[in-house]
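**Q**
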Amino acid sequence: MIRSFLFALSVRVVLLSVFLAGLSGLSAEAQPRTPLSQATLDLFANELSGQVAFNNQVKLAGAPWLREPAELKQDFHESKTLYEIARGYGIETVKLERYPGQRDLEYPAEGELWLEKPERRMIARLGADAALVAAGSQTGEASGPLVYIPPMSDADAKSMAAAGPQGKYRGKWALMWRHPNQETARALDAAGLRGVISFNSRDRYFDPGQVVYSSGPYGQLSNLKLGMTVSWRQWSELLEDVEAGHEVVVRGRVRMEQFRDRFETVFAWIPGTEPDRKGVLFTGHLFEGYTKRGANDNMSSPVVQLEILRGLTRLIASGQLPRPRRTIYFLWPNEISGTYEFIKQNPGFADKLSININMDMVGEGLRENNAVFTMSECPNHLPSYLDGLSEAVLNYVWRTNDIVYLPDSPQGRSGGQYFPRPMVEKNGSLDAFRYFIHRATGGSDHICFNNPSVAVPGIDFFVWP
């Protein structure tokens, strides 16, 4: 939710990331200890702004609007906007990299889902409901009765496929708990079904109105061509009517267009005083495919890192901070595939890196989502000081932005231990900062660097659930 986005973690996320960038001439102090002096921490807290990061987030993802045909043929809004914001800050060491893709990109241009019986009513329309059309759908239109099909095993799907066309399914829409896998899709197609209506929300009871971008293997089938995604609430209402024995008829229409796929990546850096030594790389994917436009997952991470880039650049230029010894790099690509493509297109780049600090979904409100700020450690085959350093920083932010009843806890203005050194915005939340560290996991761009063929130790900061 946009409202809870970067206000929730505010300056705290920005600060704990900056601590890891390897600035020179900085010392540790008393408990809770960090690599930086308290004077330096105060300098960052007064410069870096969660509000600025939030404002940039709104520029990138203020609404999940559809892409215009011109955008799909030229620069994507997110990469162009992020690049222009960085340039507007006076940052000259920033590039917008473009590489051709090897396939065509299918993008929904139109989509509607109507209830025809027992009453005529619009269920959802693309534009108002950006995630309505499941990726993989074909251009087409279909109208027919709605039938509920419960989850089936692969064995059940094979039996259904072997049975061929069936009168109870031919020409109808399937109401299903999830979009089908390949085996199930072949069975539905063989039975004569035309489309699937599903939802894709693991948090359906927590947020029943949520609609999540989805996909299904509809592209190569002869009958089953359309996939529609609605909210859990909408889906449940349809299920109630079908199970009550009412005649439910729906109509869906989709128009897909093809465009040449490509990679767009924003790359920036702060030159160090030892440019030939291994530097630090921040990563956060700007895209997760080009259909989904995720505010939290994951435009939140690039805007947090952009604020790090802006703040450090300004403090260095004003002489308040020394230039870092090692170069600090920032990479904002398409998730995983774009990171690998950047490494491929820039031979030797990985050899310039000592560590990778990845971020994924760091703009999520902790209290509102029952979530915890989480860190995935470096893998066992790439042990690094980064794990211990990150833990020290996380501990500092927790000890200063929560209620911590420990004898050596810092004291606040009133002499108490409630947020003794707050890192919050005027418009931000007062969510207590709580974190969890676990062993290495995948699922984001750090795996590209943890890959033994690249061999750069990397951690992942993310908020879950």
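Position 242, counted from 1, in the sequence shown is what numbering that gives the first Met the number 0 calls 241; the numbers after and before it change by one each time, with no gaps. Glycine included, each C-beta is placed from N, C-alpha and C at the ideal position.
(1) Which complete beta strand (DSSP E) runs does the segment 133-204 hold, if anything under 3 residues is left out?
(2) If I measure Cβ to Cβ from residue 110 and keep anything under 6 Å in the same chain, skipping five residues before and after, which residues do I get?
(3) What's the C-alpha gap between residue 464 and residue 363?
(4) Go to residue 307, then tell me how far its alpha helix (DSSP H) extends in each direction, as first and last residue.
(5) What does a CB cutoff of less than 7 Å around residue 128 pick up in its chain, not counting 5 residues either side in sequence?
(6) From 308, 327, 159, 300, pick the residue whose C-alpha is nearest to that of residue 333; which is it?
(7) Hey, out of 78, 455, 39, whose CA is closest to residue 348's CA?
(8) Quick check: what's the CA-CA separation for residue 370 versus residue 459?
(9) Since residue 458 is in the beta strand (DSSP E), which residue starts that stretch and which ends it?
(10) What residues in its chain sit with their C-beta under 7 Å from that of residue 319, if we drop five residues either side in the sequence?
(11) Compute the distance between the beta-carbons of residue 75 and residue 289, then report whether it is under 8 Å.
(12) Whose C-beta lies closer than 6 Å to the C-beta of residue 176 among residues of the same chain, with five residues either side of it excluded?
(13) Spatial neighbours of residue 246 within its chain, please: C-beta separation below 8 Å, excluding the five flanking residues on both sides.
(14) Counting along the chain, where does the alpha helix (DSSP H) carrying residue 249 start and finish?
(15) Just list the residues that DSSP pairs residue 124 with in beta bridges.
(16) For residue 446, I'd like the list of residues in its chain whose CB is within less than 6 Å of its CB, leaving aside the five on either flank, ordered along the chain.
(17) Is residue 162 buried or exposed, if buried means 16 or more other CB atoms sit within 10 Å of its CB?
(18) Just reading off the alpha helix (DSSP H) that residue 342 is part of, what are its end residues?
(19) Do three or more CB pairs link the segment 84-100 to the segment 303-318 at distances below 8 Å?
(20) Given the structure, does residue 434 come close to the ligand FAD, in the sense that its CB is under 7 Å from one of the ligand's heavy atoms?
(21) Sort 291, 444, 173, 304 by Cα distance to residue 337 and report the nearest one.
(22) Using only alpha-carbon positions, find the residue among 57, 449, 78 that is nearest to residue 264.
(23) Taking 8 Å as the cut-off, decide whether the C-beta atoms of residue 360 and residue 249 are in contact.
(24) Whole-angstrom Cβ separation of residue 468 and residue 164, contact assumed at under 8 Å?
(25) Could you tell me the alpha carbon to alpha carbon distance between residue 410 and residue 418, rounded to whole angstroms?
(26) Could you check what DSSP says for residue 278 in three-state terms: helix, strand or coil?
(27) Three-state secondary structure (DSSP) at residue 369?
(28) By DSSP, does residue 105 sit in helix, in strand, or in coil?
(29) Can you grab the Cα-Cα spacing for the pair residue 185 / residue 295, in whole Å?
(30) May I have the straight-line CA-CA distance separating residue 400 from residue 97, to the nearest angstrom?
(31) Mind checking which residues open and close the alpha helix (DSSP H) that includes residue 395?
(32) For the alpha helix (DSSP H) that residue 82 lies in, which residues bound it at each end?
(33) In the DSSP assignment, the alpha helix (DSSP H) including residue 234 goes from what residue to what residue?
(34) For residue 286, which residues of its own chain have a beta-carbon under 6 Å away from its beta-carbon, when the five flanking residues on both sides are left out?
(35) Identify whether residue 359 lies in helix, strand or coil by the three-state DSSP scheme.
(36) If residue 312 sits next to residue 268, beta carbons under 8 Å apart, how far is it from one beta carbon to the other, in whole angstroms?
**A** Walking through what the data contain:
(1) For the segment 133-204, whole beta strand (DSSP E) runs of length 3 or above, ordered along the chain, are 139-147, 172-174, 194-197.
(2) Sequence-distant partners of residue 110 (beyond 5 residues in either direction) whose C-beta falls short of 6 Å from its own C-beta, in its chain, are 125, 131, 132, 253.
(3) 9 Å
(4) 299-316
(5) 210
(6) 300
(7) For the options 78, 455, 39, the alpha carbon positioned closest to that of residue 348 is the one of 455.
(8) 16 Å
(9) 457-463
(10) 42
(11) In this structure, residue 75 sits near residue 289, with a CB-CB distance shorter than 8 Å.
(12) If we look at residue 176 and ignore the five residues flanking it on each side, its Cβ neighbours are 150.
(13) 116, 117, 144
(14) Run containing residue 249: none in the alpha helix (DSSP H); it sits in the beta strand (DSSP E), 248-269.
(15) In the DSSP assignment, the residues bridged to residue 124 are 111.
(16) Here the set comprises nothing.
(17) exposed
(18) 336-344
(19) In short, these stretches touch, since the Cβ pair count reaches three.
(20) The ligand FAD is not part of the structure shown, which contains no ligands of any sort.
(21) 444 is the residue among 291, 444, 173, 304 whose C-alpha sits nearest the C-alpha of residue 337.
(22) 78
(23) The beta carbons of residue 360 and residue 249 sit no closer together than 8 Å.
(24) Outside the displayed range of the chain (0 to 464) lies residue 468, so it cannot be described from this structure.
(25) If you take the alpha carbons of residue 410 and residue 418, they lie about 8 Å apart.
(26) Here residue 278 sits in strand by DSSP.
(27) coil
(28) strand
(29) 34 Å
(30) 41 Å
(31) 385-399
(32) 76-87
(33) In the DSSP annotation of this structure, the continuous segment of the alpha helix (DSSP H) that includes residue 234 starts and ends at 231-242.
(34) 333
(35) strand
(36) Contact flag wrong, Cβ pair sits at about 10 Å.
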